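Here the protein sequences come in this chain order: L and A.
Start counting the first sequence at 284; every next residue gets the next number (my numbering).
Start counting the second sequence at 3; every next residue gets the next number (my numbering).
All residues carry an ideal CB built from backbone N, CA and C; glycine is no exception.
Since we're looking at a predicted model, the values are computed, not measured.
So the structure is just underneath, and the comments pick up after that.
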Amino acid sequence: MVVLAFPMVDADAILVEKMRAGDEAAFREIVRRYQDRLLRLAESTVGSRAVAQEVTQDTWLAVLRGVDRFEGRSTFKTWLFNILMNRARSAVHKESRAGRPDESVGDERFDKNGAWVSPPEPWSDRVDDRIVANDLAVRLRELLPNLPEQQRAVITLRDVEGLSSEEVVKMLGVTEGNQRVLLHRGRARLRALLNEELVS
Amino acid sequence: MTAIFGRRRRAIVCRDAVALMTDYIEGRLSATDIARLEGHLAGCPHCTEYLAQIRITIDALGYVTPQDLSDEAVNDLVDLYRNWRSEA
């Protein structure tokens, strides 16, 4: 099967069309593309691997049942993530999870005058090209689970998956402002975690 | 007098600069705040470095790829597909 590498959206659309027509290999490819991402996203919302597995399985069932009604008005990815996040959010309500509050990023980084206590050490010698971006990406995949759940969900949807803030706000049921706060804290946290590895 | 007061009000410290950075990257800052932040960055290598590191982090996040699945994990889901096909 030929899968166009670019643009991704078109490749997805072709796969969905084939899957609808009964092409098992196309479905297999969609699973390979999305299953791990769905699991991680679900986990970032429900906070448990086992519940995330259930939610993800449910999502695939809903995809199969609903794919005939998918009209391509959004991308397949956005449609799929919406289905997942709807289910993940109702799973959270069911489990009545005690929400882990987002602690604010350390003001202890600054003195009483608002200046850096210990200024950031330069990364420039260590990260200077695209190969390094790939190395950092591998580290970031390992570091993402350290983020509080909502931050992880927002960072994953915005910065890893490249969805728009409008899409993410709808998917997570948060306000635009709250989304930016989560993004701000999540990025700051990941930068700090990367920094520990790069500077030590 | 007013001018001095105004200038003072416009000056921001590192903590404020860092707090503005996400809105800056997201294109959500007012022109006034952009001027404040960029004014601060022009004179502050530490915040400039911090912003660069945040951008490197965002850029690298765009390279995060999913983990490969085991054949078993794929096959479990293909079973769902086969059931759906046979019901259709």
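- Counting the other Cβ atoms within 10 Å of the Cβ of Pro403 (chain L) gives 16 or more, which makes it buried.
- Contact between Ala436 (chain L) and Thr328 (chain L) holds: their C-beta atoms lie close to 6 Å from each other, under 8 Å.
- Proximity of the segment 302-312 of chain L to the segment 76-83 of chain A meets the contact definition, three or more beta-carbon pairs being nearer than 8 Å.
- By the neighbour-count definition (other C-beta atoms within 10 Å, threshold 16), Val400 (chain L) is an exposed residue.
- By the neighbour-count definition (other C-beta atoms within 10 Å, threshold 16), His376 (chain L) is an exposed residue.
- L:Trp343 is the residue among L:Trp343, L:Lys301 and L:Arg356 whose C-alpha sits nearest the C-alpha of Leu79 (chain A).
- DSSP places Phe353 (chain L) in the coil class of the three-state scheme, outside both helix and strand.
- Residue nearest to Met23 (chain A) within the set A:Thr34, A:Leu53, A:Gly41 and A:Cys46 is A:Leu53 (criterion: CA-CA distance).
- The beta-carbon separation of Val346 (chain L) and Leu363 (chain L), rounded to 6 Å, stays under the 8 Å limit for a contact.
- A straight line joining the alpha-carbon of Asn365 (chain L) with that of Asn478 (chain L) spans about 33 Å.
- Not one beta carbon of chain A lies nearer than 8 Å to the beta carbon of Glu391 (chain L).
- With respect to chain A, the C-beta atom of Trp362 (chain L) has no partner C-beta closer than 8 Å.
- Taken through DSSP and simplified to helix, strand or coil, Trp343 (chain L) comes out as helix.
- Judged by beta-carbon spacing, Asn369 (chain L) lies beyond the 8 Å limit of Val15 (chain A), meaning their Cβ atoms are not closer than that value.
- Excluding residues up to 5 positions away in sequence, Arg320, Lys360 and Phe364 lie with their Cβ nearer than 8 Å to the Cβ of Glu444 (chain L) in the same chain.
- Looking at the backbone, the Cα of Gln433 (chain L) and that of Asp442 (chain L) are separated by about 14 Å.
- A direct Cα-to-Cα measurement between Gly41 (chain A) and Glu326 (chain L) gives close to 41 Å.
- Scanning the segment 413-449 of chain L for uninterrupted alpha helix (DSSP H) segments of 4 residues or longer gives 413-426 and 432-438, listed from N- to C-terminal end.
- Here Trp399 (chain L) carries a strand assignment [DSSP, helix/strand/coil].
- Below the 9 Å Cβ cutoff, chain A contributes Ile58, Asp61, Ala62, Gly64 and Tyr65 as neighbours of Ala416 (chain L), in chain order.
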